[in-house]
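Going down the list, the sequences are from chains X and L. Once you know that position 36 of the first sequence is 564 in my numbering, the rest is easy, because the numbers rise by one and skip nothing. Once you know that position 3 of the second sequence is 490 in my numbering, the rest is easy, because the numbers rise by one and skip nothing. Virtual Cβ for every residue (Gly too), placed ideally from N, Cα, C. Note that the structure is predicted; figures quoted are calculated from it, not measured. Everything on this sheet refers to the single structure shown next.
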Amino acid sequence: MRRAARLLLRIMIHAPVAATAGCAGVQSVLSPSGVEALQIDPLLWTATWVGVVVTFIVLALVAIALYGPARWRSRLASDWVVIGGGIVFPVTVLTGLFVYGLVVMQAGMVRSQAADADMVTIVGKRWWWEVTYATADGEEVVSANELRLPVGRPVRLQLESDNVIHSFWAPKLAGKLDMIPGRTNELVVEASEPGVSRAQCAEYCGGAHALMALYVVAMPEDEYDAWLTQEAEPAREPQTEQQERGRTLFLENGCGACHRVRGVGARGEIGPDLTHVGGRLSLAAAVLPNDREAFARWIADNQQIKPDNLMPPFEQFSQEELSALAAYLESLE
Amino acid sequence: MRWISLPGWEALLFGVIIAVVGGLLLGGIFVLSGVYNVGATVRHFDATNALIRLTLRRSVETHSFGVGEPPDLSEEALARLGGRHFALGCAPCHASPAATQNPVAAEMYPAPPPLSRAVEHWETKELFWIVDNGLKFTGMPAWPGRERVEEVWALVAFLERLPEMDAETYAEMTGLDTQEIAGATRLEFGQDLETADVTAMCDTCHGAPGAAPVHPLAAPLSGQKPDYMERALVEYSQNRRQSGIMETVASELGEGQMEALARRYAERESEPILSPGALDPEAVRRGQTIALRGAPEGNVPACLSCHSTATSGQFPRLDGLPAEYIATQLSLFSSGVRSGTVYADIMAPVADRLSQQQIEDVAAYFASLGTSGGAAETSAREAAR
Numbered sequence: 529m530r531r532a533a534r535l536l537l538r539i540m541i542h543a544p545v546a547a548t549a550g551c552a553g554v555q556s557v558l559s560p561s562g563v564e565a566l567q568i569d570p571l572l573w574t575a576t577w578v579g580v581v582v583t584f585i586v587l588a589l590v591a592i593a594l595y596g597p598a599r600w601r602s603r604l605a606s607d608w609v610v611i612g613g614g615i616v617f618p619v620t621v622l623t624g625l626f627v628y629g630l631v632v633m634q635a636g637m638v639r640s641q642a643a644d645a646d647m648v649t650i651v652g653k654r655w656w657w658e659v660t661y662a663t664a665d666g667e668e669v670v671s672a673n674e675l676r677l678p679v680g681r682p683v684r685l686q687l688e689s690d691n692v693i694h695s696f697w698a699p700k701l702a703g704k705l706d707m708i709p710g711r712t713n714e715l716v717v718e719a720s721e722p723g724v725s726r727a728q729c730a731e732y733c734g735g736a737h738a739l740m741a742l743y744v745v746a747m748p749e750d751e752y753d754a755w756l757t758q759e760a761e762p763a764r765e766p767q768t769e770q771q772e773r774g775r776t777l778f779l780e781n782g783c784g785a786c787h788r789v790r791g792v793g794a795r796g797e798i799g800p801d802l803t804h805v806g807g808r809l810s811l812a813a814a815v816l817p818n819d820r821e822a823f824a825r826w827i828a829d830n831q832q833i834k835p836d837n838l839m840p841p842f843e844q845f846s847q848e849e850l851s852a853l854a855a856y857l858e859s860l861e
Numbered sequence: 488m489r490w491i492s493l494p495g496w497e498a499l500l501f502g503v504i505i506a507v508v509g510g511l512l513l514g515g516i517f518v519l520s521g522v523y524n525v526g527a528t529v530r531h532f533d534a535t536n537a538l539i540r541l542t543l544r545r546s547v548e549t550h551s552f553g554v555g556e557p558p559d560l561s562e563e564a565l566a567r568l569g570g571r572h573f574a575l576g577c578a579p580c581h582a583s584p585a586a587t588q589n590p591v592a593a594e595m596y597p598a599p600p601p602l603s604r605a606v607e608h609w610e611t612k613e614l615f616w617i618v619d620n621g622l623k624f625t626g627m628p629a630w631p632g633r634e635r636v637e638e639v640w641a642l643v644a645f646l647e648r649l650p651e652m653d654a655e656t657y658a659e660m661t662g663l664d665t666q667e668i669a670g671a672t673r674l675e676f677g678q679d680l681e682t683a684d685v686t687a688m689c690d691t692c693h694g695a696p697g698a699a700p701v702h703p704l705a706a707p708l709s710g711q712k713p714d715y716m717e718r719a720l721v722e723y724s725q726n727r728r729q730s731g732i733m734e735t736v737a738s739e740l741g742e743g744q745m746e747a748l749a750r751r752y753a754e755r756e757s758e759p760i761l762s763p764g765a766l767d768p769e770a771v772r773r774g775q776t777i778a779l780r781g782a783p784e785g786n787v788p789a790c791l792s793c794h795s796t797a798t799s800g801q802f803p804r805l806d807g808l809p810a811e812y813i814a815t816q817l818s819l820f821s822s823g824v825r826s827g828t829v830y831a832d833i834m835a836p837v838a839d840r841l842s843q844q845q846i847e848d849v850a851a852y853f854a855s856l857g858t859s860g861g862a863a864e865t866s867a868r869e870a871a872r
């Protein structure tokens, strides 16, 4: 009996650790790396532990009520236990948690007043993200499917949608916030350490909802500023004959109808901006790695990879042509 | 249950079983022995004939109930388009005002009726249904271009005029009066023909240099990109692009001929052949916006980012194509009739995003450009700037 009790105790201690060990990834609430997430973090643990403690108290009281000595049971039946434990205690604890939650969750709202924050607009698409950075001199730099942040500098995210409701959730940075057509929701995030984390659309938005994610790259401030300056530049010229051929194919086959590549006459506004697509960590909203093979696969097979996305399949290319296109796109860093 | 006389009931059941088994046995012997003569020389009994005719008439009457409303069949150009196909696809079996029935076809059983008489027995929608669906057990095929209703209506428009048609009018309606092929009684494409002769026949529908096509559904081809034209012919001949009229023609052509034809039409000087006066200037203006800039709010890319002379030879030029042709093709794309090929799969999702209004607007815009092509390219360059 005593052995069984010890085993039970051991399971109770180790289970949460075992269950959460697998959660410490790029998309985990349990390993915050942003100021907002770090503020929310204690709220999560406080609420969880208060819940755990209350559960054990209740279980103990139930055990006493069932098996305890008669004296304990009669004490438990007294009015003050019912009034104190049934009304005063829950009201106090829940009110306390509620107020605490309000104070913590309010943080982002207050910080959004900070006017000097960098601004990034993220528009939810079917099924990808358009990410537009506003530079210090008022210029807009359009990119897609990746969010870069300067460490230690708050950034205002303007969250929008031009179709259905999406939800932006970068668990390591902050809580989730919906992207609603016709309005702009604002979320302030501040990365506290450099590194890559992952965000996911957190509101069902159609067939490929699960395939709508993006990487958030937090970089030291100076690196970020250098990156943004480079991102604002037009596309890199082809360096090899193969890349040159890829660019010709890109333009001849109408890719510019939907995709913008600044500096080469591709002015589409429907698909992701590809000016610096080769410099991103992933393709197709964190669905594919960013390499030649993935580019080639996406061009011909995108409807298999992300069914019903807005890009038609382009199956007219030979292997050689696909390689050239992929080489060109990969070179757009 | 006393009132049912059991012995009588059992006898009846026994009789029925004997009849069924005996019938199956006799039927089996009849079929398997081969005594029935399936030869076309042995005619049906009069009673069988009457029953077949009744079944056929009732079936056509009932099924033609679902046929949609016809377009304006009084349109002369539509009947001419149908006439071109008649000379190619129907006359070989059904005879025509220019030629008596082919003796081979005359020995079919049932023999294909001379249509100058037969069409009078059917209502317009019934004719449509027969041409579209064909008739089982008679040798009458269904329309080769699946769901190309506007083509079937063209043929019906011609058939309705056929009873009063003399040989001279027939030659004029079918294009057989063209100088290069005068004397022929029907159109006949073939792999052994010279490109010039084939071109003359293509021209009877698509228009000789400087002349408009016989009907807006037949695209003018002068100055079109050769790669696209050759691919179109290949797709028609392989039943991958639907058109009862073009499939019939393309299947008769050899690969070398297709390439030669495509090159010949591509080299032709294109001249403006349409009078854009009939087009609504407002529609043209709206269409121009879509052609140059697309409709990004509806995820529609600019037409000219693919359909210009600067892009792949597989993307056809659209400038100067008749509005009706463009609108029809866009509807075929969006309804899924034109699909299943590499290039159709690119166009289909885009066409599907266009509203009917937008389809008519872009069609009007491209029609307004004549066939010179200059206007489209100029405006594309302006937009690029």
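Along chain L, which residues have their Cβ under 9 Å away from the Cβ of residue i?
i: X:Gln-844; result: Ser-799, Gln-801, Val-829, Tyr-830, Ile-833
i: X:Gly-796; result: Gly-781, Pro-783, Pro-788, Ala-789, Ser-792
i: X:Ala-662; result: Correct list: empty, because the minimum Cβ distance to chain L is about 21 Å.
So which of the options has the shortest CA-CA distance to residue i?
i: X:Gln-555; options: X:Arg-684, X:His-804, X:Ala-814; result: X:Ala-814
i: X:Pro-699; options: X:Leu-816, X:Ser-859, X:Ala-730, X:Pro-762; result: X:Ala-730
i: L:Ser-799; options: L:Asp-806, L:Leu-779, L:Asp-714; result: L:Asp-714
i: L:Leu-805; options: L:Leu-541, L:Met-716, L:Arg-604; result: L:Met-716
i: X:Val-631; options: X:Leu-687, X:Gly-612, X:Ile-568; result: X:Ile-568
i: X:Ala-645; options: X:Tyr-743, X:Met-707, X:Val-716, X:Gly-710; result: X:Val-716
i: L:Phe-802; options: L:Glu-722, L:Met-834, L:Asn-786, L:Leu-819; result: L:Met-834
i: X:Pro-682; options: X:Leu-701, X:Ile-615, X:Val-669; result: X:Leu-701
i: L:Ala-850; options: L:Gln-775, L:Tyr-830, L:Ser-822; result: L:Gln-775
i: X:Ile-798; options: L:Arg-750, L:Glu-784, L:Arg-772, L:Ala-778; result: L:Glu-784
i: L:Glu-655; options: L:Ala-605, L:Ser-709, L:Ala-586; result: L:Ala-586
i: X:Lys-653; options: X:Thr-663, X:Glu-688, X:Glu-668; result: X:Glu-688
i: L:Trp-609; options: L:Pro-590, L:Val-547, L:Ser-561; result: L:Val-547
i: X:Thr-776; options: X:Leu-594, X:Ile-708, X:Ala-854; result: X:Ala-854
i: L:Pro-898; options: L:Glu-634, L:Val-591, L:Arg-604; result: Residue 898 of chain L lies beyond the residue range present for chain L, which begins at 488 and ends at 872; the question has no answer from this structure.
i: L:Leu-614; options: L:Glu-681, L:Thr-686, L:Val-721, L:Leu-543; result: L:Leu-543
i: X:Ser-720; options: X:Tyr-628, X:Glu-658, X:Met-747; result: X:Met-747
Provide the residue span of the alpha helix (DSSP H) that contains residue i, from first to last.
i: L:Ala-831; result: 829-839
i: X:Asp-801; result: Run containing X:Asp-801: none; DSSP gives neither H nor E here.
i: L:Gly-570; result: 563-572
i: X:Arg-599; result: 598-604
i: L:Met-627; result: Where L:Met-627 is concerned, there is no enclosing alpha helix (DSSP H), given that its DSSP letter is neither H nor E.
Identify the contact partners of residue i in chain X, using a Cβ-Cβ distance below 7 Å as the criterion.
i: L:Pro-836; result: Pro-840
What are the boundary residues of the beta strand (DSSP E) that includes residue i?
i: X:Phe-778; result: Unbroken run through X:Phe-778 is the alpha helix (DSSP H), 769-780; no beta strand (DSSP E).
i: X:Asp-646; result: 646-652
i: X:His-694; result: 694-697
i: X:Ala-741; result: 741-747
i: X:Tyr-661; result: 657-662
i: X:Leu-675; result: 674-678
i: X:Gly-723; result: 723-729
i: X:Met-707; result: 705-707
Please go through the same chain and pick out, in chain order, the residues whose beta-carbon is closer than 8 Å to the beta-carbon of residue i, but skip the five residues on each side of it.
i: X:Asn-857; result: The displayed chain sequence assigns Leu, not Asn, to residue 857 of chain X. Correct list, in chain order: Gly-774, Phe-778, Leu-802, Val-805, Gly-806, Phe-823.
i: L:Leu-499; result: none
Please compile the residues from chain L whose C-beta is within a distance smaller than 8 Å of the C-beta of residue i.
i: X:Ala-785; result: Gly-781, Pro-788, Ala-789, Ser-792, Cys-793
i: X:Asn-830; result: Result: empty, since nearest Cβ-Cβ is about 11 Å, beyond 8 Å.
Could you pull out every residue in the same chain whose Cβ sits closer than 7 Å to the Cβ of residue i, ignoring the five residues on either side in sequence?
i: X:Met-728; result: It is Gln, not Met, that sits at residue 728 of chain X in the sequence shown. If we look at X:Gln-728 and ignore the five residues flanking it on each side, its Cβ neighbours are Gln-555, Trp-697, Ala-741.
i: X:Lys-704; result: Ser-695, Phe-696, Trp-697, Ala-730
i: X:Arg-790; result: Pro-762, Ala-763, Thr-803
i: L:Tyr-812; result: Pro-703, Leu-704, Ala-706
i: X:Pro-560; result: Leu-566, Asp-569, Lys-700
i: X:Leu-589; result: Leu-604
Show which residues of chain L have a CB atom less than 7 Å away from the CB atom of residue i.
i: X:Gly-782; result: Ser-792, Cys-793, Thr-798, Phe-802
My guess is that residue i and residue j are in contact by the Cβ rule of under 8 Å, so how many angstroms apart are they, rounded?
i: L:Pro-599; j: L:Gly-626; result: 7 Å
i: L:His-572; j: L:Leu-642; result: 6 Å
i: L:Ala-462; j: L:Leu-808; result: The displayed coordinates of chain L run from 488 to 872. Any statement about residue 462 of chain L would go beyond what the structure contains.
Spatial neighbours of residue i within its chain, please: CB distance less than 6 Å, with the 5 preceding and 5 following residues excluded, ordered by chain position.
i: L:Ala-862; result: At L:Ala-862, the pLDDT of 45 sits below 50, so the modelled position is not reliable; the number obtained from the coordinates is stated separately. Result list for L:Ala-862: Leu-856, in chain order.
Does any residue of chain A bring its CB to less than 9 Å from the CB of residue i?
i: X:Gln-728; result: Any reference to chain A falls outside this structure, whose protein chains are X and L.
Cβ of residue i versus every heavy atom of the ligand HEM: is any distance shorter than 8 Å?
i: L:Met-834; result: As far as ligands go, the structure on display features none, and thus does not contain the ligand HEM.
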